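Participant: Each residue of the sequence shown is one higher than the one before, starting from 57 at the first, in the working numbering.
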Amino acid sequence: YGFNNETMKCEEFVYEGCGGNDNRFDSMHECWRLCYTPLKYFLARVTDYLMHQYTEQPGETRTSSPNSERDD
57 YGFNNETMKC EEFVYEGCGG NDNRFDSMHE CWRLCYTPLK YFLARVTDYL
107 MHQYTEQPGE TRTSSPNSER DD
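1) Using a 10 Å radius around the Cβ and a threshold of 16 neighbouring Cβ atoms, would you call residue 74 buried or exposed?
2) How long is the line joining the alpha carbons of residue 79 and residue 111, rounded to whole angstroms?
3) State buried or exposed for residue 57, treating a residue as buried only when at least 16 other CB atoms are found within 10 Å of its CB.
4) Should residue 69 go down as buried or exposed, given a rule of 16 or more other Cβ atoms within 10 Å for buried?
5) Which residues in the same chain have their Cβ closer than 8 Å to the Cβ of residue 65, if we skip the five residues on either side of it in sequence?
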């Protein structure tokens with residue numbers, strides 16, 4: 057198992073190398089115990105929420121975006 061920083065989850069993988077690195081665990085429990093923090097989990101959830109909020113749904117259009125310039 058190893059901790060995937062993109063998905064913020066411990067994931068199983070088949071390791072066929074020599075030695076490896078510190079992101080290699082014998083069990084899901086060991087991976088979560090050493091890698092999981094409430095802050096990482098919170099940030100992953102907030103990121104997912106924000107990505108969903110700023111992704112246009114089919115048939116919808118947005119009149120402005122968070123980064124658009126205003127002509128005031």
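Using N, Cα and C, we set each Cβ at its ideal position, and we do this for glycine too.
Small disclaimer: the values here were computed from a predicted structure and weren't measured.
Facilitator: Checking against the coordinates, here is how it stands:
1) Exposed is the call here.
2) Whole-angstrom Cα-Cα distance: 32 Å.
3) With at least 16 other beta carbons inside 10 angstroms of its own, residue 57 counts as buried.
4) Residue 69 is exposed by the Cβ-count criterion.
5) These residues qualify, in order along the chain: 59.
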